[in-house]
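Colleague:
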Amino acid sequence: MMQTMAAWQRFAEMAAPLERPQLPRNIHKSTERLVFCYQFFKVCPEWWALSDAERQDGKRELVELVRTFERHLLIRPYSTLGLKATTDFMLWIISKEMRGVELFTAALGHSFVGRYLNRPYTYLTLTRPSIYLRHPTRHQEPQQERPQERQEQEFTGEAPYFFIYPFTKTHEWYQLPYEQRREMMLEHFRIGNQFPTVRTYTSYGMGLDDYEFVVAFEADDPNEFQECVMRLREAKARPYTLVDTPLWTCLKRTIDELVELVL
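For any residue, its number in this note's numbering is found by taking its place in the sequence shown, counting from 1, and adding 1196.
Structure follows, in structure tokens:
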């Protein structure tokens, strides 16, 4: 395994110039642009045919790999074990540059464990302020926001439950006047604000990946999250959703906890 470790470590050295990002806490105020990549993995059956010693070495190497790259990236591990048949875990990779995602993925592929992982789903997005909240665009002049438009949630990425919701709007949505779209989105925000323990963040995949948006939700209670989703189904903007599957339920784990659960 020593040659394999040397192989992935060279990608970590290439990542050394990258500046480690900070996840914005007041997410609806932040204008910082970050790269989000949600990578979902399935452990190959061949992994379980290895000896206990080989698997233990592989787990230690993966922990070292993630901790090494966390000097330059944010990497949030989540379990999907038993929650979705097609995957076992997810890594949320946050970088200031797409090169960070590329180098981490290359390193993982050159690791011992990487030989035994399939990656059936990935979602690539960028962060940006919403055109419907606070930030003037070509469509609107700066104006005083109304109290009911405020979303002061602090998104930490540390809540026990994490939900990922990729979706695309219909073509008809973009043909509507901006003010009409904005009013529908403000209704959407107001409904969401009735569930303060459910915190959301939308990132944008337009032009980068198959889905136009990926919304990440963190919550302390899945029942509260489900209630929020059920209420949002009644919002006026709902008919303008073209596709919003697959949905993902994830459980927050440390990297040490994750490798013991899934490997």
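All C-beta atoms in this analysis are idealised placements derived from N, C-alpha and C, irrespective of residue type, glycine included.
Return the chain-ordered ranges of every beta strand (DSSP E) run that is complete within the stretch 1251-1335 and spans a minimum of 3 residues.
Modeller: Those beta strand (DSSP E) runs which fall completely within the stretch 1251-1335 and span 3+ residues are 1270-1275, 1285-1291 and 1313-1322.
Colleague: Answer yes if the stretch 1265-1281 comes into contact with the stretch 1435-1447, meaning at least three C-beta pairs across the two stretches below 8 Å, and no otherwise.
Modeller: Result yes; three or more Cβ-Cβ pairs closer than 8 Å.
Colleague: Could you give the C-beta distance for phenylalanine 1409 and threonine 1396, rounded to a whole number, given that I count them as a contact under 8 Å?
Modeller: Incorrect: roughly 11 Å between the Cβ atoms, too far for contact.
Colleague: Using 8 Å as the cut-off, can you tell me whether the stretch 1224-1238 makes contact with the stretch 1415-1426, which would need three or more C-beta pairs spanning the two stretches below that distance?
Modeller: No, they do not touch.
Colleague: Kindly indicate which three-state DSSP category glutamate 1345 falls into: helix, strand or coil?
Modeller: Residue placement at glutamate 1345 is flagged as unreliable, the pLDDT there being 44, under the threshold of 50; the coordinate-derived value follows with that caveat. The answer is helix: DSSP assigns glutamate 1345 an H, G or I state.
Colleague: Alpha carbons only, please: which of Val1425, Arg1263, Leu1457 and Leu1287 is nearest the one belonging to glycine 1353?
Modeller: If we check each option's Cα against that of glycine 1353, Leu1287 comes out closest.
Colleague: Distance check for glutamine 1205 and threonine 1398, CA to CA, integer angstroms please.
Modeller: Distance between the alpha carbons of threonine 1398 and glutamine 1205: 33 Å.
Colleague: From serine 1291 to histidine 1306, what distance separates their C-alpha atoms?
Modeller: So the alpha carbons of these two residues sit roughly 20 Å apart.
Colleague: Starting from proline 1362 and walking both ways along the beta strand (DSSP E), at which residues does that stretch end?
Modeller: Counting along the chain, the beta strand (DSSP E) containing proline 1362 begins and ends at 1357-1365.
Colleague: DSSP three-state label for arginine 1221, please.
Modeller: The answer is coil: DSSP assigns arginine 1221 none of H, G, I, E or B.
Colleague: Kindly list the residues whose CB is nearer than 7 Å to the CB of alanine 1203, restricted to its own chain and excluding five residues on each side of it in sequence; keep chain order.
Modeller: His1306.
Colleague: Smallest Cα separation from lysine 1365: which of Pro1356, Arg1377 and Phe1358?
Modeller: That would be Arg1377, whose Cα lies nearest to the Cα of lysine 1365.
Colleague: What residue range is occupied by the uninterrupted beta strand (DSSP E) comprising phenylalanine 1232?
Modeller: It spans 1231-1239 - the beta strand (DSSP E) in which phenylalanine 1232 sits, taken as one unbroken run.
Colleague: How far does the beta strand (DSSP E) with arginine 1395 in it extend, from its first residue to its last?
Modeller: Where arginine 1395 is concerned, the enclosing beta strand (DSSP E) stretches over 1394-1400.
Colleague: Specify whether the stretch 1425-1441 and the stretch 1241-1261 touch according to this definition: at least 3 beta carbon pairs, one from each stretch, less than 8 Å apart.
Modeller: Segments in contact, no.
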